[in-house]
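Residue numbers (my numbering), protein chains in the order written: chain A, 1 to 116; chain B, 1 to 116. Ideal Cβ positions, reconstructed from N, Cα and C, are used throughout, including at glycine.
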DNA sequence: CACCAATATAGTGTTTCCACTATATATGTC
DNA sequence: GACATATATAGTGGAAACACTATATTGGTG
């Protein structure tokens, strides 16, 4: 009975990507790149309601994007792994290339007709 | 009337991540890392039905993950940008660290109780 | 224990995703 | 134009995501 259910790398990895695939959640993790923050901090920074903020944070924790640490009545969330940091670096360097004019929108997002 | 609607980077970027966030789609893009392939190739390689394959491919094209090129009656799909390639590299190097035993599952996917 | 502040969960309606079957379109060949 | 092959789209039912309101839980303090 010590059997352990197997799950493919693709399953877990795709859950991570899917969970990152929401604009507000992307904003949250970007904010957390600087270090851990509690729910109140995040809520205020991103400008979401308290329940929505909590929901997003829980969802990301369930999907291996965040981890949390309690301190009294406050809950601090932070990035769960190096994988997340690397993924964020990808996105960030992409944004930098766009902002600097080094790359055109169409080079990265061919279907995007609107400017960024 | 030459106004262009604006869309935030977070919006587009999160769509990309979300569209990558499906195990079969992740398998497809990994397969396409080697180069362009037509729908039939992909369908056979991944083992999906024809309509499902087509749906996933279209969905990824709409979301800036793939581009396509027609050759006669065949449609060849390929990775749309360097961003996608970089994201795939992230995932791949993560998988390598796991397979080599260099990293533990819990280091990357804390919530995953099952082995990979 | 009463109370407060911080956070989580339940319940609900709407939208999107997903897999599936059936049908349509596009291109090439005779 | 008739036909075959490759691919896309429509329609459908069920599952999950999403945003929102209301309520519950947890921990600290008097």
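Check: For residue 112 of chain A, which beta-bridge partners are listed by DSSP?
Finding: Within the first chain, numbered from 1, the residue matching residue 112 of chain A stands at position 112. The partner list for residue 112 of chain A (beta bridge, DSSP) is empty, contrary to what the question assumes.
Notebook entry, point to check: Can you list the beta strand (DSSP E) stretches of 3 or more residues lying completely in the stretch 58 to 112 of chain A, in chain order?
Noted result: 66 to 71 and 74 to 79
Next item on the list: Can you have a look at residue 43 of chain A and say buried or exposed, based on whether 16 or more other CB atoms are within 10 angstroms of its CB?
Entry: Taking the first chain and counting its residues from 1, the one referred to as residue 43 of chain A is at position 43. Buried, because 16 or more other Cβ atoms sit within 10 Å of the Cβ of residue 43 of chain A.
Next item on the list: Could you list the residues in the stretch 67 to 78 of chain B with a C-beta less than 9 Å from some C-beta on chain A, going in chain order?
Entry: 67
Notebook entry, point to check: Listed from N- to C-terminal order along the chain, which residues in the stretch 40 to 64 of chain A have their beta-carbon within a distance smaller than 8 Å of any beta-carbon of chain B?
Noted result: 61, 62, 63 and 64
Notebook entry, point to check: Roughly how many angstroms separate the alpha carbons of residue 67 of chain A and residue 80 of chain A, rounded to a whole number?
Noted result: Residue mapping note: residue 67 of chain A aligns to position 67 of the first chain, counting from 1. Residue mapping note: residue 80 of chain A aligns to position 80 of the first chain, counting from 1. C-alpha separation (whole angstroms): 5 Å.
Checklist line | Other residues of its chain near residue 61 of chain B: CB distance less than 8 Å, five sequence neighbours each side excluded | finding: Here residue 61 of chain B refers to the residue found at position 61 when the second chain is read from its first residue. These residues qualify, in order along the chain: 67, 68, 77 and 80.
Notebook entry, point to check: Can at least three beta-carbon pairs, one atom from the stretch 18 to 32 of chain B and one from the stretch 37 to 53 of chain A, be found at a separation below 8 Å?
Noted result: no
Check: Does residue 27 of chain B have its Cβ less than 8 Å from a Cβ in chain A?
Finding: Taking the second chain and counting its residues from 1, the one referred to as residue 27 of chain B is at position 27. Interface residue, yes.
Margin query: Given a cut-off of 8 Å on the beta-carbon distance, is the pair residue 26 of chain B and residue 109 of chain A in contact?
Written below: Counting from 1 along the second chain, the entry for residue 26 of chain B is found at position 26. Counting from 1 along the first chain, the entry for residue 109 of chain A is found at position 109. No.
Check: Thinking just about the alpha-carbon of each residue, which of A:53, A:40 and A:13 is nearest to the one in residue 23 of chain A?
Finding: In the first chain, counting from the first residue as 1, residue 23 of chain A sits at position 23. Selected option, being the one with the closest Cα: A:53.
Note to self: I'd like to know whether the C-beta of residue 101 of chain A is nearer than 8 Å to at least one C-beta of chain B.
What the structure shows: By 1-based counting over the first chain, the position of residue 101 of chain A is 101. Chain B contact via Cβ: absent.
Item checked: Coil, strand or helix - residue 56 of chain B by DSSP -> Walking along the second chain from the start, residue 56 of chain B turns up at place 56. If DSSP states are grouped into helix, strand and coil, residue 56 of chain B belongs with the helices.
Note to self: How far does the alpha helix (DSSP H) with residue 14 of chain B in it extend, from its first residue to its last?
What the structure shows: In the second chain, residue 14 of chain B corresponds to position 14, counting from 1. 9 to 20 is the span of the alpha helix (DSSP H), which, as asked, contains residue 14 of chain B.
Checklist line | CB-CB length for residue 65 of chain B against residue 98 of chain B, believed under 8 Å | finding: Residue mapping note: residue 65 of chain B aligns to position 65 of the second chain, counting from 1. Residue mapping note: residue 98 of chain B aligns to position 98 of the second chain, counting from 1. So it is not a contact: roughly 24 Å between Cβ atoms.
Note to self: Short of 8 Å in beta carbon distance, which residues of its chain neighbour residue 35 of chain B, apart from the five on each side in sequence? Order them along the chain.
What the structure shows: Reading the second chain from its first residue, position 35 is the one you call residue 35 of chain B. Cβ neighbours of residue 35 of chain B beyond the five flanking positions: 78.
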